[in-house]
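What follows is a single structure, written as structure tokens, with notes after it.
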Amino acid sequence: MEGKEEDVRVGANKFPERQPIGTSAQTDKDYKEPPPAPLFEPGELSSWSFWRAGIAEFIATFLFLYITVLTVMGVKRAPNMCASVGIQGIAWAFGGMIFALVYCTAGISGGHINPAVTFGLFLARKLSLTRAVFYMVMQCLGAICGAGVVKGFQPTPYQTLGGGANTVAPGYTKGSGLGAEIIGTFVLVYTVFSATDAKRSARDSHVPILAPLPIGFAVFLVHLATIPITGTGINPARSLGAAIIYNKDHSWDDHWIFWVGPFIGAALAALYHQLVIRAIPFKTKS
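The C-terminal residue of the sequence shown carries number 293 in the working numbering, and the numbering is unbroken.
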């Protein structure tokens with residue numbers, strides 16, 4: 008109990024030896040906040056790194072849809088859940104693919120593989136509008152191609168089993184579906200911000216961080232929670248690709264939810280990270 012009153016009087020953070028692990032990121036001794044990305048950066052268009060980043064996003068989203076929609080089709084073709092990997096297997100397919108693909112592409116494009124992630128990072132000024140729009144277009148094209156290849160492999164089962172398209176499940180309202188997408192995307196984008204925070208990496212080097220792992224695990228957990236509600240979108244490109252290739256009326260009825268929900272969730276996560284976790288607008292020098 009020695010020193011308790013002093014801790015209360017001046018604040019426990021004045022005592023480095025009593026500071027919890029990880030809170031060293033609250034100082035700025037060896038870290039300088041990078042400048043925000045410009046809104047428009049015309050020079051990017053003449054850079055090969057810009058185009059290869061878009062290609063990486065296209066291929067990653069293509070592979071993501073290919074593996075995950077095939078997994079969904081396999082579960083739906085089985086006579087019962089016990090004869091297949093079930094909901095848990097679907098969740099592992101989505102989370103595992105995100106883990107693998109983020110690991111593979113993070114050094115090239117940042118490994119977004121999701122327009123909502125790109126949107127959240129754009130709002131936080133981590134990339135330019137030029138790059139954000141380019142990424143979103145390539146992600147959507149990759150998703151369409153990935154779902155198209157799955158349909159090419161099994162055209163009849165694809166149409167009869169739903170094609171992996173996202174819809175609000177019977178018994179749930181559109182509001183419930185929208186809420187599930189908002190919160191699910193918030194969890195994902197919040198995890199992305201935390202796992203890729205350069206300041207945290209610089210300050211907490213004693214805490215090893217493999218960014219793709221928590222991101223993939225967040226996707227896995229969100230799928231476990233929301234597959235019964237919406238089939239889990241949290242990725243507008245994934246929802247768009249499946250909807251275009253499946254192309255049935257009911258797959259478009261609730262499609263707006265899988266754009267509005269993820270974009271709202273991403274915006275809230277960006278706001279929370281910037282204003283609360285990082286408190287960037289409120290930093291002062293004493």
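Beta carbons are placed, not taken as given, at the ideal position from N, Cα and C, and that holds for glycine.
> Which residue's Cα is closest to the Cα of residue 103: 67, 59, 243, 133?
Replying inline: In the sequence shown, the residue the question calls residue 103 occupies position 96. For the residues 67, 59, 243, 133, the minimum Cα distance to residue 103 belongs to 67.
> Can residue 256 and residue 181 be called in contact, C-beta distance under 8 Å?
Replying inline: Translated into positions along the sequence shown, residue 256 becomes position 249. Translated into positions along the sequence shown, residue 181 becomes position 174. Taking 8 Å as the Cβ cut-off, residue 256 and residue 181 do not qualify as a contacting pair.
>> Below 8 Å, how does it come out for the stretch 37-49 and the stretch 94-113: are there three or more Cβ pairs, yes or no?
In response: no
> When you compare only the Cα positions, how much space is there between residue 259 and residue 108?
Replying inline: Looking up residue 259 in the sequence shown gives position 252. Looking up residue 108 in the sequence shown gives position 101. Near 28 Å, if we compare the C-alpha coordinates of residue 108 and residue 259.
> For residue 30, is the classification buried or exposed, using 16 other Cβ atoms within 10 angstroms of its Cβ as the cut-off for buried?
Replying inline: Working through the sequence shown from its first residue, we reach residue 30 at position 23. Low local confidence applies: a pLDDT of 38 at residue 30 is under 50, so the model's placement there is unreliable, with the coordinate-based value given in what follows. Classification for residue 30: exposed.
> So, is residue 84 buried or exposed, given that buried needs 16 or more other C-beta atoms within 10 angstroms?
Replying inline: Translated into the one-based positions of the sequence shown, residue 84 becomes position 77. With fewer than 16 other Cβ atoms within 10 Å, it is exposed.
> Is it right to say residue 39 is buried, meaning 16 or more other beta carbons lie within 10 angstroms of its own, or is it exposed?
Replying inline: The residue labelled residue 39 in the question sits at position 32 within the sequence shown. When all chains shown are included, residue 39 counts as exposed.
> How close, in whole Å, do the beta carbons of residue 176 and residue 235 come, if the pair is a contact with beta carbons under 8 Å?
Replying inline: The sequence position of residue 176 within the sequence shown is 169, counting from 1. The sequence position of residue 235 within the sequence shown is 228, counting from 1. About 6 Å separates the two Cβ atoms, so the contact holds.
> Considering only the beta carbon of each residue, do residue 268 and residue 153 sit closer than 8 Å?
Replying inline: Here residue 268 refers to the residue found at position 261 of the sequence shown. Here residue 153 refers to the residue found at position 146 of the sequence shown. No, they are not a contact pair.
> Near residue 190, which residues of its chain fall below 7 Å by C-beta distance, leaving aside the five closest residues on each side in sequence?
Replying inline: Looking up residue 190 in the sequence shown gives position 183. Hits under 7 Å: 272.
> Are residue 62 and residue 155 close, meaning C-beta to C-beta below 8 Å?
Replying inline: In the sequence shown, residue 62 corresponds to position 55, counting from 1. In the sequence shown, residue 155 corresponds to position 148, counting from 1. The answer is no: Cβ separation not under 8 Å.
> Does the separation of the CB atoms of residue 244 and residue 113 fall below 8 Å?
Replying inline: As a working note, residue 244 is residue 237 in the sequence shown. As a working note, residue 113 is residue 106 in the sequence shown. The answer is no: Cβ separation not under 8 Å.
> Counting Cβ pairs closer than 8 Å, one from the stretch 190-204 and one from the stretch 274-282, do we hit at least three?
Replying inline: yes
> Would the beta-carbon of residue 65 fall within 8 Å of that of residue 148?
Replying inline: Indexing the sequence shown from 1 puts residue 65 at position 58. Indexing the sequence shown from 1 puts residue 148 at position 141. Against a cut-off of 8 Å, the Cβ pair of residue 148 and residue 65 comes out as a contact.
> Would a C-beta distance cut-off of 8 Å place residue 59 and residue 120 closer than the cut-off?
Replying inline: Position 52 of the sequence shown, counted from the start, is the residue given in the question as residue 59. Position 113 of the sequence shown, counted from the start, is the residue given in the question as residue 120. Contact flag unset, no.
> Since residue 203 contacts residue 123 with CB under 8 Å, what's their CB separation in whole angstroms?
Replying inline: Translated into the one-based positions of the sequence shown, residue 203 becomes position 196. Translated into the one-based positions of the sequence shown, residue 123 becomes position 116. Wrong, their Cβ atoms sit about 15 Å apart, outside the cutoff.
> Between the beta-carbon of residue 97 and the beta-carbon of residue 78, is there less than 8 Å?
Replying inline: Taking the sequence shown and counting its residues from 1, one reaches residue 97 at position 90. Taking the sequence shown and counting its residues from 1, one reaches residue 78 at position 71. Yes.
> Which runs of the beta strand (DSSP E), 3 residues or longer, sit entirely within the stretch 28-83?
Replying inline: none
> Which residues mark the beginning and the end of the alpha helix (DSSP H) in which residue 260 is found?
Replying inline: Here residue 260 is taken as the residue at index 253 of the sequence shown, counted from 1. It spans 256-260 - the alpha helix (DSSP H) in which residue 260 sits, taken as one unbroken run.
>> Using the Cβ count rule (16 or more neighbours within 10 Å means buried), how would you classify residue 95?
In response: Residue numbering aside, residue 95 sits at position 88 when the sequence shown is read from its first letter. Its Cβ having fewer than 16 others within 10 Å, residue 95 is exposed.
> What are the start and end residues of the alpha helix (DSSP H) that includes residue 281?
Replying inline: Taking the first residue of the sequence shown as position 1, residue 281 is located at position 274. Looking at the DSSP string, residue 281 is not in any alpha helix (DSSP H), and its letter there is neither H nor E.
> Where does residue 42 land, buried or exposed, given buried means 16+ other C-beta within 10 angstroms?
Replying inline: Start at 1 with the first residue of the sequence shown, and residue 42 comes out as number 35. Classification for residue 42: exposed.
> Given residue 231, which residues of its chain have a CB within under 6 Å of its CB, disregarding the five upstream and five downstream residues?
Replying inline: Within the sequence shown, numbered from 1, the residue matching residue 231 stands at position 224. So the qualifying residues of the chain are 98.
>> Measuring alpha carbon to alpha carbon, tell me which residue in 142, 69, 82 is nearest residue 51.
In response: Stepping through the sequence shown from its first residue, residue 51 is reached at position 44. It is 142 whose Cα lies nearest to the Cα of residue 51.
> On the three-state DSSP scale, how would you describe residue 115?
Replying inline: The sequence position of residue 115 within the sequence shown is 108, counting from 1. Note: residue 115 maps to coil in three-state DSSP.
> DSSP on residue 161, reduced to helix/strand/coil?
Replying inline: As a first step, residue 161 must be located in the sequence shown, where it is residue number 154. Residue 161 falls in the coil class under three-state DSSP.
> Taking the alpha carbon of residue 57 as the point to measure from, which residue in 86, 80, 91, 145 has its own alpha carbon closest?
Replying inline: Taking the sequence shown and counting its residues from 1, the one referred to as residue 57 is at position 50. Cα-wise, what sits closest to residue 57 is 145.
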